[in-house]
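By numbering that gives the first Met the number 0, the letter at position 137 of the sequence shown is numbered 136, and the numbering carries on one by one without gaps.
Even glycine gets a Cβ: it sits at the ideal position worked out from N, Cα and C.
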Amino acid sequence: MTRGRPLRVLYAASECAPWVKTGGLADVTAALPAALAALGVDVRVCLPAYRAVRKEVGPAPIRAVLLGADIREAELPSGVKVYLVDAPWFFDREGGPYQDAEGRDWFDNPERFGFFSRVCALLASEDSPLSWRPDILHGHDWQVGLAPAFLRLERTAPALSIQTIHNLAFQGVFASDYVSVLHLPPQAYAVEGVEFYGQLSFLKGGLHFADALTTVSPTYAREIQGDACGFGLQGLLRHRRASLSGIVNGIDDVTWNPETDPLIAAPYGRDRLADKRLNKAALQRQFGLPEEADRPVFGVVSRFAWQKGLDLVVDIAERLVAVPAQLIVLGCGDPALEAAVKDLVRRYPQAIAARIGFDEATAHAIEAGADCFLMPSRFEPCGLNQMYSQRYGTPPIAHATGGLADTITDEGAGVIDKTTGFLFREATASALWAAIARALSWYERPEPWHRIMKNAMSRDFGWTQSATRYRDLYEELLRPVRGPQGVRDDQ
Ligand code: ADP
Ligand code: GLC
0 MTRGRPLRVL
10 YAASECAPWV
20 KTGGLADVTA
30 ALPAALAALG
40 VDVRVCLPAY
50 RAVRKEVGPA
60 PIRAVLLGAD
70 IREAELPSGV
80 KVYLVDAPWF
90 FDREGGPYQD
100 AEGRDWFDNP
110 ERFGFFSRVC
120 ALLASEDSPL
130 SWRPDILHGH
140 DWQVGLAPAF
150 LRLERTAPAL
160 SIQTIHNLAF
170 QGVFASDYVS
180 VLHLPPQAYA
190 VEGVEFYGQL
200 SFLKGGLHFA
210 DALTTVSPTY
220 AREIQGDACG
230 FGLQGLLRHR
240 RASLSGIVNG
250 IDDVTWNPET
260 DPLIAAPYGR
270 DRLADKRLNK
280 AALQRQFGLP
290 EEADRPVFGV
300 VSRFAWQKGL
310 DLVVDIAERL
320 VAVPAQLIVL
330 GCGDPALEAA
340 VKDLVRRYPQ
350 AIAARIGFDE
360 ATAHAIEAGA
370 DCFLMPSRFE
380 PCGLNQMYSQ
390 RYGTPPIAHA
400 TGGLADTITD
410 EGAGVIDKTT
420 GFLFREATAS
430 ALWAAIARAL
440 SWYERPEPWH
450 RIMKNAMSRD
460 FGWTQSATRY
470 RDLYEELLRP
480 VRGPQGVRDD
490 Q
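The structure is reproduced here in structure tokens:
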């Protein structure tokens with residue numbers, strides 16, 4: 000390495016498991032920096048010091064004071080260092096990271112995450128009070144989208160920046176008044192900047208100003224350049240396609256390992272498949288369903304949102320019951336979907352059970368105990384559950400979109416040499432049902448079914464490969480450029 004010291008990356012995100020989690024971003028923040036550190040990258044995470052985080056971490060030393068916020072230093076369970084942005088007036092409250100206990104967005108989210116973005120940019124420049132300065136600021140999702148704008152327009156000797164898109168449906172779009180409220184440089188508010196149809200878009204700031212863009216699967220990287228998945232940003236993404244890459248997520252294969260998982264009833268593995276049955280029985284018991292070993296059990300663990308296509312599961316539920324099969328659902332979110340699921344449970348108490356809520360242990364129990372996992376997402380940037388379910392020998396049945404298409408192998412009619420799950424092309428109830436019927440036709444025959452389970456369990460979804468790609472991207476970005484055109488010296 001020509002710089003004579005390890006590459007330094009400030010990894011800025013609004014969630015990190017196990018401290019604060021609403022979805023897959025938290026899992027990625029917990030695992031990717033640890034995998035990068037194992038590859039020799041000096042990576043530190045920057046995270047808001049929400050009340051929940053402060054409770055978990057306890058007293059953490061203050062390393063600097065910045066714009067009135069204490070910058071505290073803590074450590075993740077993996078040993079990765081974390082800078083906590085302790086601004087109690089923004090982050091020390093009861094409730095979630097984005098919403099209050101009633102599920103309403105915090106009224107001051109633009110100020111909260113505008114502030115967080117500004118702090119991240121400061122820490123990634125010569126203006127930082129810390130002696131540790133990153134070479135690259137790697138920001139995730141809209142909550143840090145303004146950081147590349149602040150970096151580029153305001154900071155001295157700024158680090159290079161990368162914006163990663165975990166979900167283009169969430170963009171952080173607010174009234175244009177916030178341009179002055181957040182003290183954004185006025186020139187930032189332009190079509191070639193943070194302006195988005197007369198409003199301020201945090202994510203567009205990242206997509207316009209960052210030096211490189213990534214998203215969490217190659218298929219999603221293609222899909223977001225089109226009208227169906229671009230959510231209005233497809234033009235900009237097409238324009239920047241040379242700087243955009245898709246790197247599929249890994250999974251934490253220590254937490255999600257059926258051989259050692261303390262959250263499941265009985266450990267099992269590829270060579271001890273029989274013990275998976277004990278988990279099925281335990282799951283049926285936990286959910287109060289008849290303990291029938293031969294009855295196929297379909298599992299769902301999901302945010303209840305339009306994205307996830309849970310309504311398609313509701314549409315085919317009756318047909319599942321008629322198989323006869325059982326359906327077990329864990330999740331929460333959209334009240335209409337919660338009501339629809341509760342209604343199914345009322346109508347078919349012997350076949351359908353649900354837990355409305357967020358519960359890590361039950362998520363593990365479903366991955367281990369179900370026979371198949373349903374994931375009919377309309378779009379899915381990457382998705383983690385389909386990887387967990389393959390690891391647990393619970394073949395996923397999923398819409399062929401985004402990361403689902405990239406991480407599930409389905410050889411189609413009649414062939415299962417390498418098949419690990421079942422994909423369908425159209426996000427419709429009938430296509431979902433056709434895939435379920437295909438899965439059931441294999442399930443009835445133990446030998447090929449075990450083959451599919453073993454294929455799935457043999458897949459390596461660990462982080463090393465993806466982390467290596469991120470490290471290569473960092474190195475590539477930092478390679479010295481030659482001449483005013485910025486032609487790289489290796490070209
Ligand atoms: P997304 O981030 O879009 O929700 P992912 O599949 O990437 O989708 O990640 C979802 C993560 O959240 C997984 O770790 C999954 O197990 C977890 N999860 C989702 N809903 C629940 C729930 N109700 N209870 C426990 N874990 C959940
Ligand atoms: C988002 C996406 C999901 C992805 C996760 C982590 O929440 O919806 O598909 O797996 O981010 O990248």
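For residue i, the first and last residue of its enclosing beta strand (DSSP E)
{"i": "K80", "result": "80 to 85"}
{"i": "E72", "result": "68 to 74"}
{"i": "Q198", "result": "198 to 200"}
{"i": "Y10", "result": "7 to 11"}
{"i": "V312", "result": "That residue, V312, is in no beta strand (DSSP E); its alpha helix (DSSP H) goes 309 to 321."}
{"i": "S301", "result": "296 to 303"}
{"i": "F173", "result": "172 to 174"}
{"i": "A63", "result": "61 to 65"}
Reduced DSSP secondary structure (H/G/I, E/B, other) of residue i
{"i": "Q162", "result": "strand"}
{"i": "R487", "result": "Unreliable positioning characterises R487 in this predicted model, as indicated by a pLDDT of 43, which lies under 50. The coordinate reading is nonetheless provided below. Here R487 sits in strand by DSSP."}
{"i": "R132", "result": "coil"}
{"i": "P47", "result": "strand"}
{"i": "E194", "result": "strand"}
{"i": "F421", "result": "strand"}
{"i": "D471", "result": "helix"}
{"i": "T214", "result": "strand"}
{"i": "G563", "result": "The question about residue 563 has no answer, for the chain in this structure spans 0 to 490."}
{"i": "D251", "result": "coil"}
{"i": "D99", "result": "coil"}
{"i": "M0", "result": "Here the model assigns M0 a pLDDT of 48, short of 50, so the residue's position is not dependable and the matter cannot be decided."}
{"i": "D226", "result": "coil"}
{"i": "D274", "result": "helix"}
{"i": "L476", "result": "helix"}
Opposing strand residues paired with residue i [DSSP bridges]
{"i": "R354", "result": "L329"}
{"i": "A397", "result": "M374, L422"}
{"i": "G245", "result": "T214"}
{"i": "D41", "result": "R7"}
{"i": "V19", "result": "C15"}
{"i": "D405", "result": "DSSP output for D405 lists no bridge partner at all."}
{"i": "D91", "result": "DSSP output for D91 lists no bridge partner at all."}
{"i": "D126", "result": "Paired residue(s): none; D126 is not in a bridge."}
beta-carbon residue i near ligand 1 non-hydrogen atom, thresh 7 Å
{"i": "C228", "result": "no"}
{"i": "F89", "result": "no"}
{"i": "F357", "result": "yes"}
{"i": "V313", "result": "no"}
{"i": "R329", "result": "Here the sequence assigns Leu to residue 329, which means Arg is not the residue at that position. At least one heavy atom of ligand 1 is nearer than 7 Å to the Cβ of L329, so yes."}
{"i": "L336", "result": "no"}
{"i": "S301", "result": "yes"}
{"i": "N256", "result": "no"}
{"i": "A353", "result": "no"}
{"i": "A496", "result": "It is not possible to answer for residue 496, since the shown part of the chain is limited to 0 through 490."}
{"i": "A362", "result": "yes"}
{"i": "N278", "result": "no"}
Residue i CB to nearest heavy atom of ligand 2 below 7 Å
{"i": "C375", "result": "The displayed chain sequence assigns Pro, not Cys, to residue 375. Every heavy atom of ligand 2 is 7 Å or more from the Cβ of P375, so no."}
{"i": "C381", "result": "yes"}
{"i": "V215", "result": "yes"}
{"i": "G234", "result": "no"}
{"i": "L24", "result": "yes"}
{"i": "H165", "result": "yes"}
{"i": "V27", "result": "yes"}
{"i": "N248", "result": "yes"}
{"i": "G402", "result": "yes"}
Where the alpha helix (DSSP H) through residue i begins and ends
{"i": "L343", "result": "334 to 346"}
{"i": "V493", "result": "Look at the range of the chain in this structure, 0 to 490, and you will see that residue 493 is not part of it."}
{"i": "F114", "result": "108 to 122"}
{"i": "A25", "result": "23 to 37"}
{"i": "A168", "result": "Element bounds for A168: n/a, residue is neither H nor E."}
{"i": "V178", "result": "177 to 180"}
{"i": "P447", "result": "445 to 457"}
{"i": "Y387", "result": "384 to 390"}
{"i": "Q233", "result": "233 to 238"}
{"i": "P147", "result": "146 to 153"}
{"i": "S429", "result": "428 to 442"}
{"i": "E366", "result": "359 to 368"}
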